[in-house]
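First the structure, in the form of structure tokens, and then the observations on it.
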Amino acid sequence: MKIGLLLGTTLLASAQTLPAQVITPPVAGVTAPSQGFPTEPGSDYYLANYDAYEAYLKKLASQSDRMKLVDIGKSAEGRTMWMAIVSSPANLAKLDRYRAIAQRLAKAEGVKEAEAKALAAEGKAVVWIDAGLHATETVTTQSQIHVLYRMLTGTDAETMRILDETIVLFAHDNPDGLQLVADWYMRNKDPKDREFRTIPRLYQKYVGHDNNRDSFMAQMPETVAMNRVLFREWFPQIVFNQHQTGPAGMVVFVPPFRDPFNYNYNPIVMTELNEVGAAMHSRLVSEEKGGSGMRSAAPYSTWHNGMVRSIAYFHNSIGLLTEIIGGPTPEKIPLIAETQLARSDEPLPIGPRDWHLRDSLEYQWSLDRAVMDYAARNRERLLLNIWRMGDQAIQRGNRDSWTTTPAAVDALKEAGKLKKADEGFVGYNSRAREGMVAPELYKTVLQDPAKRDPRGYILSADQRDLPTTVAFLNTLIKNGVDVQRSTAAFTVGGKRYPAGSYVVKTAQAYRPHVLDMFEPQDHPHDVEYPGGPPKAPYDITGYTLAYQMGIGFDRVLEGFDGPFAKVADMIAPPPGRIVGSGRAGWMVGHETNNGFILTNRLLKAGVPVSWVKAETKAGGKTLAPGAIWIPASAAAREVLARGVAELGIDAYAAGRVPTGGTMALKPVRVGLVDRYGGIMPAGWTRWLLEQFEFPFSVVYPQELDAGNLNAKYDVLLFADGTVPTVRGGPYPGGYRFEMPKPKSIPAEYRSWLGDVTTDRTVPAVKAFAEAGGTVLTVGSANRLATLLAPQLQPALVTKKADGTLAALDTKEFYIPGAVLSASVDTRQPLGYGMTPKVDIFFDDSQPFRLDGGSGARVAWFDSAKPLRSGWAVGQEKLQGTIAVADLDLGRGKLFAMGPEVTQRAQPYATFKLLFNGLLYGPSVAATR
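Residue numbers for the sequence shown follow the numbering used here, so the first one is 412 and each next one is one higher.
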């Protein structure tokens, strides 16, 4: 399509007098991309970085009355996150009013239908279109520059309608990543040498690509900023999250998505999503832009709540994802036979051809235009429907309601075997006869009174780890959920709750999100074909946050009320206090994760700290094994007084020193192993260690191989993914990108190169452990654990013809990211502070068995049905296997943790396994 058709007659006239290489022709009065950058973004072998992008945004805002630039927060590295609000000058003058309308309709509380219709008639559709979340997906930022300019200068009828009927929020999600990737790409003078495949670290400070898995947890600052705009300030009806890359032999994936869709959200979300997706495909096809695919063309689904576009569904917004090809280095579309036959999911195939960034830019422009045009043409309906969804959620939360899950359908089928439908219901459709069951089963099975949805959840103030409960509630608040706190004691369902307890009712607009955070996910049994292997989900299948964080809560099935006040904003843990007047020292329970922050502060201050090995009493309370003992001193009191108040921990003044055995702790030197380019689980762990104030240094394989590790470290921590695995072997993983040649990267990064190897790294790590070091391995890094301790073996394997081990076939055993129940020995130091049963995250993990030799199981699976949330094939095979093991290696320790106990920094309930290990191992070594 000619650019004049996109931009109107003004730009058409300009285009006729400009060189062909100009992507977007300038319009007088507003600086064009070709004028605002050294090279026009979208050109071959050029990437604009965030500094240039930011400067250009500020210039546009100063020149156009169609745009307002807003600071929405700071990135992890401290850069300003800018959002460009684009609309007509008249709309920009009334932004506060339109934002208030969007909020009233989205939250729906107290809004009757007549008012909703009036507000929808007055309001403007709000659309979020972002860029740059995944920084190496470079099309999105470079194209956004042109999209903005074209929207600020276009005068055609479509542009003017969009400006009049919508408010578009153009945001950049990852400033740090853009700066890193663009600067890395442009560092080489020869364009043919430019690449960003070998960037030295993750393109978000801590989590890289997983910044798009942080949405419901909202722990990264960028996510916090985005969620505030989406669910607490602007409430867009459409959230368009743009990505790369497209399916092979095609150009772009565009919704709709494949099943399964999550049963918790309102189906209006999906029907509207399908409408927008159809409009996007239709726009491309009508412009003869071939190569778009949907549904079966890619693995994307709408199940998981953790992504920018998918969390929108649980907030009654249309979440869009596109995945497009292209980049600054030209490429070729290959010829793949299967993509050449037009079908419903690939309506207009594209042939092999050269492809440039400017080609992707024009596709992205068409897609953005299609979304904005849909919003403009359906403004009133979008606004009214987001109210309808919120209102329906409130109504369902105020009455008996049921959610039909795969398990409920299975139960209906089972009941139907004994109670068939009357022939009168069958009619002439013989195929329907096979699936028909007695209609009365709808009431007795699908609407079983015992299986009603909760009216709400009560989180008592007497939680065993109240600061973690507060952290959980803050994730809800950051996502726009209404949380209440009791101002006095109250009784519900015959149970008494203390003042300060928290209540989350389901009678609110974001009910789908509330249910998804408290209730177990019941992922359908999804197979490639009947009797075939499981079809891999796009992401994890079970993630119930209340389970992962170990939150105590009561599900209330009847309507209830009490002395409840809405929490205005983020919650701080109630201040802890020092209880009692004993002068020998202080005791602190091991139950709170924040206790590790306090411990690390005390150790840093040079204060003696110990763990009491046996159960003990203090302040009239019985403290489980592992209680923290701090002998009295002025230095200890200073740290303690400040710490307990801030961290929400009580300390009990003791009149005498504990009589049982104690374990003296020491300041630890942690070496967190990583790899050139960055490993995401190591990045999450790095963030976690910072939050809980563990001192650490990042260690790369070359340093490991050099040996003499005990001189620098007490603990070596190998996160999931940091140890290469054998493809098809017992442990998941296997893919490793090829290291760059040392001379091709700056000298400061060359020491980061290399991998953990069996011939050099394993002997060095073994020597470290035998000399008193602690080795801690998580997830797939347990390949190293089994090399260090042969008695520790993967439990769920089969032996191949050549004698090597392989993971079980997925038809036998397959758990792709789920929450399981495990038992814990809380008398062992690794289990201190935990509960005898814990929910543990398991993602294609490998449990263990101990074949003789020393070693103890700390956590294990003792049930044939451990699944708590998600999907599991062959879960019975876990029974009797070990999840976490504690082994001696010479004077040192090996702690092997099969499941991902720190998965994306979400499972607060299992953090203690890691944290205990960091302190316990060095403590034991000091006594040997």
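Ideal placement from N, C-alpha and C gives every residue a C-beta, glycine not left out.
Hey, would you say Arg1268 sits closer than 9 Å to Ala1296, going by beta carbons? Cβ atoms of Arg1268 and Ala1296: closer than 9 Å.
Suppose only complete runs of 4+ residues qualify. What are the alpha helix (DSSP H) ranges in the stretch 1085–1109, listed by chain order? 1091–1102, all fully within the stretch 1085–1109.
Taking the continuous alpha helix (DSSP H) assigned at Met800, which residues delimit it? Residue range Arg790 to Gly808 is occupied by the alpha helix (DSSP H) that includes Met800.
Need the endpoints of the beta strand (DSSP E) that Lys700 sits in, please. No beta strand (DSSP E) holds Lys700; DSSP gives it neither H nor E.
To the nearest angstrom, report how far apart Thr740 and Asp604 are at their CA atoms. Rounded to whole angstroms, the gap between the alpha carbons of Thr740 and Asp604 is 10 Å.
For the candidate residues Gly867, Ser498, Glu1002 and Met847, whose alpha-carbon lies nearest to that of Arg807? Residue Gly867 holds the alpha-carbon nearest to the alpha-carbon of Arg807 among Gly867, Ser498, Glu1002 and Met847.
Give the DSSP bridge partners of Ser1232, in chain order. Beta-bridge pairing links Ser1232 to Asp1250.
Quick one, which of Arg875, Leu870 and Lys824 has its alpha-carbon nearest Tyr853's? Of the listed residues, the one whose Cα sits closest to Tyr853 is Lys824.
Determine the extent of the alpha helix (DSSP H) in which Asn652 is found, giving its start and end residues. For Asn652, no alpha helix (DSSP H) segment is defined; the enclosing uninterrupted segment is the beta strand (DSSP E) at Ile649 to His654.
Residue-chain proximity (Ala443, chain C), Cβ-Cβ < 9 Å: In the structure shown, chain C cannot be found, because there is only a single protein chain.
What runs of the beta strand (DSSP E), each 3 residues or longer, lie entirely inside the stretch 506–545? For the stretch 506–545, whole beta strand (DSSP E) runs of length 3 or above, ordered along the chain, are 536–542.
Does Tyr509 pass the burial test, meaning 16 or more other C-beta atoms within 10 Å, or should it be called exposed? Here Tyr509 is buried, its C-beta having at least 16 other C-beta atoms within 10 Å.
Between the stretch 793–802 and the stretch 661–681, can you find at least three pairs of beta-carbon atoms closer than 8 Å? The answer is yes - the stretch 793–802 touches the stretch 661–681, with three or more Cβ pairs under 8 Å.
Using 9 Å as the threshold, is the C-beta distance between Gln895 and Val978 below it? Taking 9 Å as the cut-off, the Cβ atoms of Gln895 and Val978 count as close.
Do Ile982 and Val914 have their C-beta atoms within less than 9 Å of each other? No, these two residues do not count as a Cβ contact at 9 Å.
Out of curiosity, what's the CA-to-CA distance linking Arg608 and Ala1316? Using only the alpha carbons, I get a separation of about 26 Å.
Tell whether a beta-carbon distance below 9 Å holds between Phe1270 and Leu1324. Reading the sequence as shown, one finds Ala at residue 1270 and not Phe. Contact flag set, yes.
For the alpha helix (DSSP H) containing Ala1047, list its first residue and its last residue. Its alpha helix (DSSP H) spans residues Ala1045 to Leu1058.
Got a sec, what are the start and stop residues for the beta strand (DSSP E) His583 sits in? That run of the beta strand (DSSP E) goes Thr577 to His583.
Mind listing, in chain order, the continuous beta strand (DSSP E) runs of no fewer than 3 residues lying wholly within the stretch 691–740? DSSP runs (the beta strand (DSSP E)) wholly in the stretch 691–740: 729–735.
Rounded separation between Ala819 and Asn890 - CA only: Looking at the two C-alpha atoms, the distance is approximately 29 Å.
Per-residue DSSP class, three states only, for Leu884: Three-state DSSP puts Leu884 in a helix.
Since Gln1204 is in the beta strand (DSSP E), which residue starts that stretch and which ends it? If you look at Gln1204, you'll find it in the beta strand (DSSP E) that goes Leu1203 to Pro1205.
Considering only residues of the same chain and omitting the five flanking positions on each side of Val881, which have a CB-CB separation below 6 Å? Only residues of its own chain outside the window of five on either side were considered, and among them Ile982 and Pro984 have a CB closer than 6 Å to the CB of Val881, listed in chain order.
According to the Cβ coordinates, are Met492 and His583 closer than 9 Å? Cβ atoms of Met492 and His583: closer than 9 Å.
DSSP state of Phe1259 mapped onto helix, strand, coil: If DSSP states are grouped into helix, strand and coil, Phe1259 belongs with the strands.
Among Ile962, Gly1054, Trp1095 and Phe664, which has the Cα closest to the Cα of Arg875? Arg875 has its Cα closest to that of Ile962, out of Ile962, Gly1054, Trp1095 and Phe664.
Three-state secondary structure (DSSP) of Ala424: Confidence is the limiting factor: at Ala424 the pLDDT is only 31, short of 50, which leaves the residue's position unreliable and the question unanswerable from this model.
Buried or exposed: which applies to Ser499, given that a residue is buried once 16 or more other Cβ atoms fall within 10 Å of its Cβ? Burial call: buried.
Please determine, among Gly1140, Glu1181 and Gly588, the residue with the shortest C-alpha to C-alpha distance to Gln1204. Among Gly1140, Glu1181 and Gly588, the Cα nearest to that of Gln1204 is on Gly1140.
If you follow the beta strand (DSSP E) that Thr1070 is in, where does it begin and where does it stop? If you look at Thr1070, you'll find it isn't in any beta strand (DSSP E); DSSP assigns it neither H nor E.
Inside the stretch 852–940 only - alpha helix (DSSP H) runs reaching at least 4 residues: Segments of the alpha helix (DSSP H) lying fully in the stretch 852–940: 877–889 and 922–929.
In chain order, what residues of the same chain have a beta carbon less than 7 Å from the beta carbon of Thr450, not counting five sequence neighbours either side? Tyr457.
Buried or exposed for Ala568, please, with buried defined as at least 16 other CB atoms from any protein chain shown within 10 angstroms of its CB. Classification of Ala568: exposed, given that the 10 Å Cβ count is below 16.
Contacting residues, own chain, Cβ-Cβ under 8 Å from Val967 (five flanking each side not counted): Excluding residues within five positions, the ones whose Cβ falls inside 8 Å are Pro865, Arg866, Gly867, Tyr868, Ile869, Val903 and Gly904.
In the structure shown, what three-state DSSP assignment does Leu1219 receive? Note: Leu1219 maps to coil in three-state DSSP.
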